[in-house]
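Numbering (our numbering), first residue to last: 1135 to 1392. Beta carbons are placed, not taken as given, at the ideal position from N, Cα and C, and that holds for glycine. Contents: one structure, followed by commentary.
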């Protein structure tokens, strides 16, 4: 098939790698879509668009207008809104929608995890008797869900994100650190030690890129408030990148030559 347009919903390390891999196939034209939240994102090869689509209706219009043959959703496991919009728009457009994701991390013997459903529940859990002693809290859940921690005054929060958090300087117990992953085990260990981190708040985003902080917490015996991945019904996930590439080529009837 000549001129197959693939829309790749990106913003993750895996999406970047998928875009690079698909450049090997000249008959596949990849358009990577980035949400536009990060000011200086890492850009893959090929075409790149920035910003939202205006909901499922806007996305459907885009799929038709750009003659998209197939959609690959490789967004963050917690980007539930865009994932639902993509599924709806692709179904209405009558084109395949392949969802690439990461397997959730699984609790090991020496992990001290408190698994919760949301950032709000994580904030409430900081008053749990087992966690009351924890004064220095490392928060790595992004910028948009921090407000539920603002009312907590008797703890020090160490917030790390790619972009600055607006209004965070209004809170004396909130400290912001700029950081773009992936972070090495050595870097995460040094951060935990330097700031005497006594509790980690994170999302169970799975994969290898952001696992170092979980591994450090395990080895230091630091408790982790871990937000579970959202469950989306009737959504088949692909976890292996090679399987995804093969499925893309199969759906586009492209012969892979190794």
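Three or more beta-carbon pairs separated by less than 8 Å link the region 1376-1384 to the region 1225-1236, which places the two stretches in contact.
Considered as a whole, the region 1252-1291 harbours 1253-1259 as its complete alpha helix (DSSP H) runs of no fewer than 4 residues, in chain order. Between the beta-carbon of residue 1206 and that of residue 1165 there is about 10 Å, and that puts the pair past the 8 Å contact cut. One Cα belongs to residue 1314, the other to residue 1242, and the distance between them is close to 27 Å. Linking residue 1213 to residue 1282 through their CA atoms gives a straight-line distance of about 19 Å. A distance of 8 Å or more separates the beta carbons of residue 1355 and residue 1264. With distances taken between CA atoms, residue 1294 lies nearest to 1331 out of 1331, 1167, 1288. Taken in chain order, the unbroken stretches of alpha helix (DSSP H) that lie wholly in the region 1195-1248 and span 4 residues or more are 1214-1227. Going by beta carbons, residue 1179 and residue 1143 fall outside the 8 Å limit.
At least 8 Å separates the beta-carbon of residue 1290 from that of residue 1362. In the three-state reduction of the DSSP assignment, residue 1139 falls in the strand class, which pools E and B. In this chain, the beta strand (DSSP E) harbouring residue 1336 covers 1333-1337. When the alpha-carbon of residue 1304 is set against those of 1312, 1316, 1287, 1319, the nearest one is in 1287. Within its own chain, the residues whose Cβ lies closer than 7 Å to the Cβ of residue 1222, once the five positions on either side in sequence are excluded, are 1190, listed in chain order.
Sequence-distant partners of residue 1344 (beyond 5 residues in either direction) whose C-beta falls short of 7 Å from its own C-beta, in its chain, are 1315, 1316. Counting only residues of its own chain and dropping the five nearest sequence neighbours on each side, residue 1351 has a CB closer than 7 Å to the CB of 1334, 1358. Partner residues in the beta bridge of residue 1166, as assigned by DSSP, are 1142, 1182. For the region 1332-1378, the continuous beta strand (DSSP E) assignments of 3+ residues that do not extend past its boundaries occur at 1333-1337, 1358-1361, in sequence order. The secondary-structure analysis by DSSP pairs residue 1311 across a beta bridge with 1294. Spatial neighbours of residue 1273 in its own chain (CB-CB distance under 6 Å, excluding positions within 5 residues in sequence) are listed in chain order as 1291, 1293, 1335. For the 8 Å CB-CB criterion, residue 1386 and residue 1203 form a contact. Each residue's CA atom was taken as its position, placing residue 1197 and residue 1226 some 10 Å apart.
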